[in-house]
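Using my numbering, the first residue of the sequence shown is number 1, and each one after it goes up by one.
Below is one structure, written out as structure tokens; the observations come after it.
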Amino acid sequence: MNKHISLFAFFGCVIFYLLATFSQPRFLKHGTEATLAWDVSGYYLYLPAIFINHDLDDLNFLPGILEKYQPSHTAEQAYLAGNGKKVMKYSVGMAVLYTPFFFLSHAFAKISGYPADGFSLPYQMGIHLGSVFFALMGLWFLRKILLRYFNEKTTALTLVLIAIGTNLLNYGTFDAANAHGYLFALMAALIHFTIRWHEKPNVKDSLVIGLCIGLAALVRPTEIIYALVPTLWGISAWRDIGGRLVFFKIHFTKLLLAALVVATIACIQIAYWRLVAGEWLVYSYQNQGFSFLEPNLANVLFSYRKGWFVYTPVMLFAVAGFYFLYKNHRSIFPVVFIYFLINIWIVSAWDIWWYGGGFGQRAMIQSYPLLAFPLAAFLAWAFPTSNIKNQKSRFINPPGAILLAACVILNLFQTYQAHWGPFEADAMNKAYYWRIFAKTKNDPWDRLLIDTKEGFSGEKKKVKALQTVDFENFADSFLINKQVAHAGNNSIFVDTAHEFSLRVNFPKSPEMIVGKWLHISAWFYSPQLDYQEWWMPQLVVRFEKNDKPVRERNIRPFRVLSPNEWLEVGMDIKVPRKDFDNVEIFLWNPAKRVPMYMDDLRVEVFEE
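So this is what it looks like as structure tokens:
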């Protein structure tokens, strides 16, 4: 069995991925929870536009799709260009990769009676299951390349850690139709054919190398750095560079062939821009871009919102493994390390460094086939096997095994939380992370910590009421509503005509000293909720000094409200260290899409 343990590990991952996929099949869901939703629907939109609706430039069919299937709350997948045509926001790469699964789904839709419109069940299922297949193909190539440098046991353990101990699990199963599983597979395949090409340069592998790089760059232009892999593979020292240049000169025609494949694939995108926008080059992300001189490195690595090491801690072992990779496999250390540094810089430089919704730092997934090498090097050192001569058992064995198991369990549990529990993929923070840590149930009040980013846990002591406001004495204000109230006759409100409500002010009292907490609560009501976070009305609490803000906290009551029901909602705020003389409380409705009413405001002070 030891002879084929990595093969058993691979098929174990296949079974695990299929079980995970069918435990919560997104292709059976609707709206923004479906497979073809949000970014994925934008990647995919080229295919129904070209092959079903024959409308690539105006997208006149899109409003009907949005109304029927609701893949997104907005039409942001495309924008209006200067020539009056609709230009896709996302590049065409993912649509190219979806193509075989799209045609199979389209054929099935036609013969099965489902709407052949590109978004019915056959398309949702076909794209999703095809994407799972792609991720598993990446694991297959990963096994093959690891076996060239490590034994069966180390390869098997590395494969399992990458497959179920990282967020590849999420993007190879639940959210498989996103770009990351595809890019992971392309990188794994690229490494495999690069190794073969350097052993015996040939036309076939040159074509495949060009295909992998070209498709990756077509998905995300920054993935042109995939070209570093065949360029630097096998260089272990500066002195090797001269020999590499001679090698490339000898096989120049094969390199040129790979480059022509990359260029040909790039022409697909250029041709689309020319055809639709009338320009050869278009920056379709508009106001989103990179800040290369100010990368968000600390946030990308360590933040509670999307920190790579917070949500994929097993990769700490991969980083530690660079030492052992350098020591034992110096010929592949430079390419892996250089790619890692450049890639993490690019990932951190993107202004939206949290990369929207999804579990963990998803933009790192395509580097996992390379990072599997330092991870495997660490595992080979930490858990030596009998077939490695003159190597004794390391002291790290028991605690190392426990730590690795803990990382895998944490990834499994947090992935579970992301799909069945209280995890908020796009809005995690320290207070909310620790409040829900190890929880499987969603407590609505916990979700308010997503906004305030601070919360009190424990027993409140010496609670004292400071202010109670029922708004009955504000009857003359035009910002008072006299038809909707929790108690009495009046409430304050925001609606489609009013962005800000009446403001409640009260001066700093002697009880408000540093170290104490304020609890602000009120009753809230709305006949209609808005579920988009950035459009929700908010309760704002502002500490001021001489009418200038000192500190501000807010919550979005819609996170916990139900339509047409009054509910008491509140937040705990620590008294700021900076001096203040006034506390101001008001409602803010940034989008003015729906109304919200507030009544019976109460302010208390307490100690820990």
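Ideal placement from N, C-alpha and C gives every residue a C-beta, glycine not left out.
This structure is a prediction, so every number in the text was calculated from the model and none was measured.
Report the rounded CA-to-CA distance for V603 versus T415, giving the unit in angstroms.
-> 38 Å
Residue interval of the beta strand (DSSP E) (run including K110) | Not the beta strand (DSSP E): K110 falls in the alpha helix (DSSP H), residues 93-112.
Might you give, ordered along the chain, the residues of its own chain that have their beta carbon closer than 7 Å to the beta carbon of P295, omitting 5 neighbours on each side?
-> W345, S348, A349
Three-state secondary structure (DSSP) at T312?
-> coil
Let me know the secondary structure DSSP gives V85 once reduced to three states.
-> Contrary to the premise, residue 85 reads as Lys rather than Val in this sequence. If DSSP states are grouped into helix, strand and coil, K85 belongs with coil.
Which residue comes first and which comes last in the beta strand (DSSP E) that contains W353?
-> Neither: W353 is in no beta strand (DSSP E) and is coded neither H nor E.
Could you give the residue range of the alpha helix (DSSP H) that holds P231?
-> It should be pointed out that residue 231 corresponds to Thr in this sequence rather than to Pro. From DSSP, the alpha helix (DSSP H) with T231 extends over 228-232.
Short check: CB of N490 to CB of F500, under 8 Å?
-> no
Would you kindly work out how many angstroms separate the C-alpha atoms of L518 and V494, rounded to a whole number?
-> 24 Å
Limits of the unbroken alpha helix (DSSP H) element including M598 | Element bounds for M598: not the alpha helix (DSSP H) but the beta strand (DSSP E), 596-607.
Can you list, in chain order, the residues of its chain whose CB lies under 6 Å from that of I213, leaving out five sequence neighbours each side?
-> Y226, A227, V262
If we ignore side chains and look at the alpha-carbon of each, how far apart do K516 and F606 end up?
-> 6 Å
Should V514 go down as buried or exposed, given a rule of 16 or more other Cβ atoms within 10 Å for buried?
-> exposed
On the premise that H73 lies in contact with Q532, defined as a C-beta separation below 8 Å, what is that separation, rounded to the nearest angstrom?
-> 6 Å
Give me the Cα-Cα distance between L301 and M364, rounded to the nearest whole angstrom.
-> 10 Å
Which partner residues does I79 have in the DSSP bridge list?
-> The sequence as given places Tyr at residue 79; Ile does not occur at that position. Paired residues: V87.
Do the CB positions of K86 and L121 come within less than 8 Å of each other?
-> no
Between the beta-carbon of D451 and the beta-carbon of I436, is there less than 8 Å?
-> no
Where does M536 sit, in a helix, a strand or coil, going by DSSP?
-> coil
Minimum C-alpha distance to K144 - residue among L190, L19, S521 | L190
How would you write the range of the alpha helix (DSSP H) that P374 sits in, first residue to last?
-> 368-382
How long is the line joining the alpha carbons of N411 and I520, rounded to whole angstroms?
-> 36 Å
Thinking C-beta only, is H192 closer than 8 Å to R362?
-> no
Hey, could you find the ends of the alpha helix (DSSP H) H198 is sitting in?
-> 179-199
Who does A465 pair with in a DSSP beta bridge?
-> E604
Spell out a yes or no on whether the segment 250-260 and the segment 304-318 are touching, meaning 3 or more CB-CB pairs, one atom from each, closer than 8 Å.
-> no
Strand pairing of I492, partner residues [DSSP] | I480, M598
Between A95 and W523, what straight-line distance do the alpha-carbon atoms span, to the nearest angstrom?
-> 48 Å
Based on Cα-Cα distance, which residue from A266, S236, G126, Y355 lies nearest to F290?
-> Y355
Every unbroken beta strand (DSSP E) inside the segment 541-581 [3 residues or more] | 548-555, 567-574
Enumerate in chain order the residues of its own chain whose CB-to-CB distance from F378 is below 6 Å, with the five nearest sequence positions on each side excluded.
-> F317, A320, G321, F324
Exposed or buried, I424, counting other C-beta atoms within 10 Å across all chains shown (16 or more means buried)?
-> One detail in the question is off: residue 424 reads as Glu in this sequence, not Ile. That one is buried.
Straight-line Cα distance separating L66 from P48 = 13 Å
Taking all protein chains shown into account, do 16 or more other C-beta atoms lie within 10 angstroms of the C-beta of C13, making it buried, or fewer, making it exposed?
-> buried
Leaving aside the five residues before and after L18 along the sequence, list all residues of the same chain whose C-beta is less than 6 Å from its C-beta, in chain order.
-> none
Identify which residue in N564, R551, I555, P595 has its Cα closest to the Cα of V583.
-> R551
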